[in-house]
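Some notes on the structure that comes next.
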Amino acid sequence: MRSPFAYKPQRGPLQDASPGAAVAYLGAIVVVAFLYLNPLVLLAAGAAATMAGILAGARAAVRSALKMALSLALLIAVVNALVTSRGETVVARLGEWPLFGRVDITLEAIVAGISYGLLAAATIVAFAVYSACVDPDRVLRALRPLAGRSALTATLVSRLVPVAAADAGRLRDAAALRGPAAAPVGKAPLARRLLAGSLDRAVDVAATLELRGYSLDAPRARNRRSHSRYDRRFYAVAALVLATAIAGKILGADDFQSYPTVAIGFGPATLAVTAIVTLSGLAPFRRAMKRRPLPSRRPEVARV
Amino acid sequence: MSELAIRRGAAPALAVRGLDYSYPRASKPALVDVSLEIAPGEFVLLAGRSASGKSTLLKAACGLVPHFHGGEIEGEARVADLDALEAGPGELAAAVGYLAQDPETQVVSTTVAAEIELPLEMRGDAPTDRARAVEEVALALAIPHLLDRAVDTLSGGELQRVALAASLVTRPRLILLDEPTSQLDPVAGDELIWLLRRLNEEWGVAVLLAEHRLERCLAAADRVVAMEGGAVGFYGPPRDFLRWSNDSDAALTTPAARLFSLAGLESLPVGVRDARQTLRGTGVGHPPHIASRRVPHPCSSEPVLEAKNLWVELDRGEEMRDVLRGIDLEVRPGERIALMGRNGAGKSTLLRTAAGLLEAVAGKLSLDSIALLTQNPSDYLVRERVGDELPGGEGMAALRVVGLEHAIGADPRDLSGGERQRLALAIALAGRMEGEQLPAVVALDEPTRGMDRARKDDLVALIRGLAEDVDLLSHSERKATRPAAVVVATHDVEFASAFAERVVLLGEGVVIADGPMEEILSGGWYFATEVARVLDRPGVVTPEQGAAVLRGELE
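Sequence lines, in order, name chains D and F. According to my numbering, the stretch in the first sequence is residues 4 to 307, in order. According to my numbering, the stretch in the second sequence is residues 377 to 931, in order.
Shown next as structure tokens:
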């Protein structure tokens, strides 16, 4: 079964853009998430990443990332509420817990947890969109002239991951098919076996890289499709988002306080940053091809 | 091969002289005094038993030995005038392409186009040249529709072609292939061989092809190299090779050659066409079709496996797909069934569903008990002592069934390939037996991958032992009250003819033929044995059956 996060070759502005442009665009959304704690802006960053993924045709990746991200966000919110007793608005007193001591659930801890959770969620969705839409071969190709050894390692790893996943699936099946009287196989022996097999696989993949001429010191050829007509758009949106985020930060758009009482700013600067970040999610939008109406064909009348 | 295609006078595509090689820490050499020469545009078949040095010779020709694997090497190896012992695999890549057995580790990029383009990019070719070369090689291998696909959505056969395209894109003078058809069905295997033949004739690429199923490719070869214990045992034309193998190593001969040898015909045929021409010369014609022998069910007992309108859905990369579409099947005790069909026809899915690894989305499946051995027996072996894999009395009983009780203290890694397979089967059987009673169904999924004929013969004996309830070591009958039904998914038609009494042919998830082995394997072209294709007589599939027919007609 193929991972929903695996790169799927298809045409679209985000897929056609050069790796630098795509990374700048999605990276700008992640930077916003890391710069701000205001849940409104974080929601905007998450929404932008989600929209970008949907418009780029990576619905499956976005869906899976959202499931994972929201679960993680919930977990962070719950754990933060349990371990932090700061805040003035107590919503539940859970008494003494082993290890935790006295547990008071406060509204402020919940909101702070939600804020951290949203940061994690926006980052996860942005990375999922990157993984599903940006061709790793093009990224590695761009990386090769800059850092050859890193590119080699990354190529080896990026191929070994699906191979190891397939091997792990086979080993799990074999473990499930063992007779009830055969020695049971725990996770440790399976992991050991997978590791031993992975080393052999790595040797095979490395041999293939050798045969493809990876070790050659040949002049690196110019790359085809190094630029696309969408690059400017993504670089411009990335620059706009970053400039807005930095300016907003300076102007106090990240007006958020979780302790001792919750205070979320909804000022014009915050709303402006929220709006611009949200709209940046439309960057991968592609206009539908306009179909010109065919000229009506009237049967020609034969002139006598 | 026409003499025109073999460019005599040019530097040899491969010239090896007195080559000795030992892997690091190996107790004996892998290659011993190997000398051979392949002319440009020649098609050479590399034959030999398992571990005879075929793969090592191929690796030496592409520079992986010694540059990648290390070890000690002496002698001379030149590829298109490049010293293979001096130049590394990367430098040799322009002159030689290499395709190994496992296609999964033969690709390193995410998309097909990038994979094919990579060697050219590494060489520093201009983008326009790369684009044209990729397009041309894709057209030559009939894969232009795959160029934009992600490699992890391809089937094994498609992946094999993509790896071949990446090897050929630099227009090498020599292509080396290590059992490239071992994972392919008969149709895809034949297609690959004819594709190589076409590349050889039209592009003038010299081919060195290592293969166990010689009947597939002997007719396409100009010469044959047979390896024996790391040395060249024979090097010459295919017809001479058949005479040599008939006298020296019968495991290397083809079914058609065995047919002729058993029938007392002197001129051994290199392929189906050759055999038919020879037979026409002897006056053996094609008699009217006679009804084949129907093999009745071995007993009228209740089926031990029954599938009714079975549907199974799987995620095939891009979308969910019905892999089994309403299968109806009954298996009775003691039956030996070959489950055949193209790659993706649903053979493995049927076995995996029966073993409980997959769930059916519709239909009914009932069975008593099943032990399934999947394609890679090594996946079952996780401990360092046979006895630790199979503790207790039930473990010992399973070892006894496969004839391995003597190996209880051995390390599984020290066992031979055949013994490892039997140990894996014992692990699957352990605890599913009641005393001497085997599970109702013993299933094996593609058990002959990469096996030579001698090992296949051992496997046939094991399968017969399981189905006929005979002890492997003593050949005495066991005390079981019911023999096991043995179901084997296989692409190997000759192997199926050796063990099966019934063949179930799947196509796109449905049963398209189900009947006695002799009837199914003599009634088609791809899913037919070489003897059946030579004689075209219903019910005649093995060399022994064919020889009996020929002897009768020649008298």
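By construction, the Cβ of each residue, glycine as well, lies at the ideal position given by its N, Cα and C atoms. Being a predicted model, the structure only gives us computed values, none of them experimental.
Check, Outcome
"Could you round the C-beta distance between SER742(F) and ARG708(F) to whole angstroms and report it? I think they count as a contact, below 8 Å.", "That pair is no contact at about 13 Å."
"So the candidates are ALA415(F), GLY394(F) and GLU413(F); which of them puts its Cα closest to the Cα of LEU935(F)?", "Look at the range of chain F in this structure, 377 to 931, and you will see that residue 935(F) is not part of it."
"With DSSP as the reference, identify every bridge partner of TYR397(F), one or two as the case may be.", "LEU407(F) and ILE449(F)"
"For the stretch 186-204 of chain D, which residues have a beta carbon sitting closer than 7 Å to at least one beta carbon of chain F?", "ALA186, VAL188, PRO192, LEU193, ARG196 and ARG204"
"Nearest-angstrom Cα distance between LEU690(F) and LEU748(F)?", "20 Å"
"Only counting the same chain, and skipping five residues up and downstream in sequence, which positions put a Cβ closer than 7 Å to that of ALA123(D)?", "ALA72, LEU75, ALA76 and ILE79"
"Of all the residues that make up the stretch 514-537 of chain F, which are near chain D by a beta-carbon distance shorter than 8 Å?", "ASP524, ARG525, ALA526, ASP528 and THR529"
"Can you check whether the CB of ILE32(D) is closer than 9 Å to the CB of VAL280(D)?", "yes"
"So PHE636(F) is in the alpha helix (DSSP H); what residue range does that whole segment cover?", "631-639"
"Are the stretch 745-761 of chain F and the stretch 701-716 of chain F in contact at 8 Å, needing three or more beta carbon pairs?", "no"
"At the level of alpha carbons, what is the spacing between ARG141(D) and LEU835(F)?", "47 Å"
"Is PRO165(D) helix, strand or coil when you go by DSSP?", "helix"
"Can TYR174(D) and ARG152(D) be called in contact, C-beta distance under 9 Å?", "In the sequence as presented, Tyr is not what sits at residue 174(D); that position holds Leu. No, Cβ-Cβ distance for LEU174(D) and ARG152(D) is not below 9 Å."
"One question on the structure: do ASP833(F) and ALA874(F) come within less than 9 Å of each other, judged by their Cβ atoms?", "yes"
"Enumerate in chain order the residues of its own chain whose CB-to-CB distance from ARG537(F) is below 7 Å, with the five nearest sequence positions on each side excluded.", "LEU517 and ILE519"
"Kindly identify the DSSP beta-bridge partner or partners of GLU706(F).", "GLU682(F)"
"Cα-Cα, which of GLU642(F), PHE419(F), VAL648(F) and GLY466(F) is closest to LYS435(F)?", "GLY466(F)"
"On the premise that VAL484(F) lies in contact with LEU212(D), defined as a C-beta separation below 8 Å, what is that separation, rounded to the nearest angstrom?", "6 Å"
"Where GLU682(F) and GLU844(F) are concerned, what is the direct C-alpha to C-alpha distance, given to the nearest angstrom?", "21 Å"
"Quick one: Cα of THR658(F) to Cα of LEU926(F), how far?", "10 Å"
"In whole angstroms, what separates the C-alpha of VAL648(F) from that of PRO919(F)?", "13 Å"
"Taking C-beta to C-beta, are LEU540(F) and PRO556(F) nearer than 9 Å?", "yes"
"Which chain D residues sit within Cβ distance under 7 Å of GLU770(F)?", "ALA184"
"If we call anything under 9 Å between Cβ atoms a contact, is ARG508(F) one with GLY216(D)?", "no"
"Going by alpha carbons, who is nearest to VAL114(D) out of SER283(D), ALA275(D), ALA286(D) and THR264(D)?", "THR264(D)"
"Give the straight-line distance between the Cα atoms of PHE636(F) and ARG599(F), rounded to the nearest whole angstrom.", "21 Å"
"Alpha helix (DSSP H) containing GLU770(F): first to last residue?", "768-777"
"So, for ARG105(D): in the same chain, excluding its five sequence neighbours on each side, which residues have a beta-carbon less than 6 Å away from its beta-carbon?", "GLU99"
"Pull out every residue of the stretch 742-773 of chain F whose Cβ sits closer than 7 Å to any Cβ of chain D, in chain order.", "ALA747, LEU748, THR750, ASN752, ASP755, TYR756, VAL758, ARG759, ASP764, GLU765, LEU766, PRO767, GLY768, GLU770 and GLY771"
"Decide if PRO271(D) is buried, meaning its Cβ has at least 16 other Cβ atoms within 10 Å, or exposed.", "exposed"
"Output the boundary residues of the alpha helix (DSSP H) element that contains SER118(D).", "110-136"
"Check the Cβ-Cβ distances between GLN482(F) and every residue of chain D, and say whether any is below 9 Å.", "yes"
"Cα separation between ALA308(D) and GLN18(D)?", "Examination of residue 308(D) is not possible in this model, given that chain D is present from 4 through 307 alone."
"Locate the beta strand (DSSP E) running through ILE888(F), then write down its first and last residues.", "886-892"
"Do VAL208(D) and LEU163(D) have their C-beta atoms closer together than 9 Å?", "yes"
"Quick one: does the C-beta of ILE569(F) sit closer than 8 Å to a heavy atom of the ligand HEM?", "Questions concerning the ligand HEM fall outside what the structure shown contains, since it holds no ligand whatsoever."
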